[in-house]
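Quick note on numbering: our numbering labels position 72 of the sequence shown as 86, and the sequence is numbered without any gaps.
Structure first, then comments.
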Amino acid sequence: MSSDRIRDEDHNVIILSEAGKPIFARRGSETEIAGQCGLIQAIRTATLGNEAFGLGEIQCVQSNNLCLVFMAVGSITLVSIVKGAHGIIETEAFCRLQLEYLYAQLIFTVTNQVQLILQQNPGYDVRSTMS
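Okay, structure coming up:
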């Protein structure tokens, strides 16, 4: 494998509800995903709740070898997590495009009613709808 390609285990996608409940994760155990969803929700809440920043919804967080790309659509948040041993390999724009395709697939699978359900009951477990 060449060094310019992301290994499969270095890329994860998580979909969660506004309440922080996991809807879908590409990889990871229930316990790992629940912890990651809690962290993601804390990051979103910290940026949204801080009037001093005035930045609105968070879009991306990057460090030396980690990139988190956020996409919020209604009551659903999609997050792409990319780890690269030699720095960020996939661009923010490419990760955002992947999240757009994933959202379209989610809506195709469970219909647009999922947004209405989550707005009325943020704690609803959408995973049961997807099976």
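C-beta: ideal position from N, C-alpha, C; glycine also.
All of these numbers come straight from a predicted model, not from anything done at the bench.
DSSP places S31 in the strand class (E or B) of the three-state scheme. Excluding the 5 residues flanking it on each side, G52 has same chain C-beta neighbours closer than 7 Å at G34, in chain order. The Cβ-Cβ distance between S94 and L113 falls below 7 Å. Within the DSSP bridge table, the entry for N26 names I95 as partners.
The criterion of a C-beta distance shorter than 7 Å is not satisfied by K97 and L116. Using a Cβ distance threshold of 7 Å, V124 and I37 do not count as a contacting pair.
Rounded to the nearest whole angstrom, the C-alpha separation of R58 and Q50 is 12 Å.
With distances taken between CA atoms, H25 lies nearest to R40 out of G137, R40 and E44.
Measuring C-alpha to C-alpha distances from C109 to each of S31, L30 and V75 identifies V75 as the nearest.
Within the DSSP secondary-structure output, F84 pairs in a beta bridge with V93.
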